[in-house]
Amino acid sequence: MKKTALIIAGNWKMNLTLGESNELVKQLLQGLPKLNGVQVIVAPPFTALQAAALELKGSSMELAAQDLHWEKPGAFTGAIAGEQLADIGCRYVLIGHSERRQYFGETNSIVGKKIQAAFRVGLKPIVCVGETVQERESQKTFSVIQTQIQQAFVSLRSKQIEELFIAYEPIWAIGTGKVASPEMAQEVHQFIRDQIKTSKTPILYGGSVNPENARGLFAQPDIDGALVGGASLKAQSFLSIIGSAISVLKENG
Ligand code: 13P
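Counting in our numbering, the sequence shown runs from 159 upward without gaps.
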């Protein structure tokens, strides 16, 4: 099947001061080429979201938050509601990132509640799944991912599954420089595609994506883009990954 779109999302995690974030947004906007079917999303930390929203207004780059709480606004000290994110101009929200699962005790059922909360306020969820190195080595990759998807999506209608993005991020590849080979990633993406029974949901790959390996990943049939961590913190490397996506689409088109 011909590829007509790719999505490149940058997850800035718990990095950058307000000034640094503003500077990065400015550099990205200055360097952004004509996107020709590539969609670009950035997820700054909460402290820089509103400033980024103002800067991105009317541009071709879109805004994501890195997390949300599942409840409506109320007495939940320290948390941020979807309503508050939508209010400042976020369109997307990362949900169930492995760092949230690992360090903040997020379960598949919490991920499910957060997906519902995002839909309630019109935010598009980018739902992250992925296995640990131990799970991969003991041949549990597929069963782990199947459980993550089944439990988190249990109360979703099929139309809603088509409206979200999935990011496959093998935990052993995050921040380690050990990217999954394009074939390895493709195998899991195809498995996810079979699980969700639709070709409409974009499935992004995340884990040590950089300007050198991006093109090989984007050439795979079921890899619809990337969720980039470290390499999204420098304008030059993020723009170069965007450039790879543009040229893969051009070659495919
Ligand atoms: P790295 O690109 O730094 O490996 O991070 C990937 C990631 O976790 C994106 O959400």
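C-beta: ideal position from N, C-alpha, C; glycine also.
For residue i, the three-state DSSP class (helix, strand or coil)
i    : result
M342 : helix
F300 : helix
I253 : strand
L281 : coil
G270 : helix
E220 : strand
F234 : coil
A167 : strand
V196 : strand
I324 : strand
V312 : coil
Own chain partners of residue i with C-beta closer than 6 Å, once the 5 adjacent residues on each side are dropped
i    : result
T356 : E320
G364 : A325, E327, L385
I329 : S256, G288, T290
E220 : I199, R249
K358 : E320
N368 : A389
S217 : L187
I332 : G365
Option in the options with minimal Cα separation from residue i
i    : options                : result
Q274 : A393, Q260, E241       : E241
V285 : I381, F396, H255       : H255
Q394 : L375, G168, K161, A310 : G168
M342 : G401, F234, F323, G288 : G288
S267 : W228, T235, E257       : W228
Q185 : V200, F349, M172       : V200
G335 : Q353, I307, S366, L322 : S366
V251 : A276, K271, K317, L164 : A276
W170 : L391, G411, E370       : L391
K377 : G411, D245, K282       : The amino acid occupying residue 377 in the given sequence is Ala; Lys does not appear at that position. Looking at the Cα atoms, G411 is the closest of the given residues.
S316 : Q353, Q260, G280, G333 : Q353
L322 : V302, Q297, G236, K272 : K272
I253 : L375, Q297, Q306       : Q306
L314 : P283, V337, E295, S301 : P283
Sequence-distant residues of its chain with Cβ nearer than 8 Å to residue i (five each side left out)
i    : result
N180 : A206, A209, A210, E213
N194 : I404, L407, K408
F204 : A223, Q224, I238
K215 : G247
L174 : L182, P202, P203, A206, L391
V312 : G270
Q160 : The amino acid at residue 160 is misidentified as Gln; the sequence shows Lys. Only N410, G411 meet the Cβ criterion.
Own chain partners of residue i with C-beta closer than 7 Å, once the 5 adjacent residues on each side are dropped
i    : result
D380 : Q344, H347, Q348, R351, I361
S339 : none
A239 : L226, H227, E229, K230, P231
M172 : P203
T299 : E289, E293, V346
G189 : A393, L397
V196 : L164, I166, I400, A403, I404, L407
R258 : D225, E264
L176 : T205, A206, A209
A244 : V279, G280, L281
Q309 : N266, S267, G270
Q304 : Q353
F234 : H227
What alpha helix (DSSP H) runs, 4 residues minimum, are completely inside the stretch 337-402? Listed in chain order, the alpha helix (DSSP H) elements of length 4 or more contained wholly in the stretch 337-402 are 340-354, 372-376.
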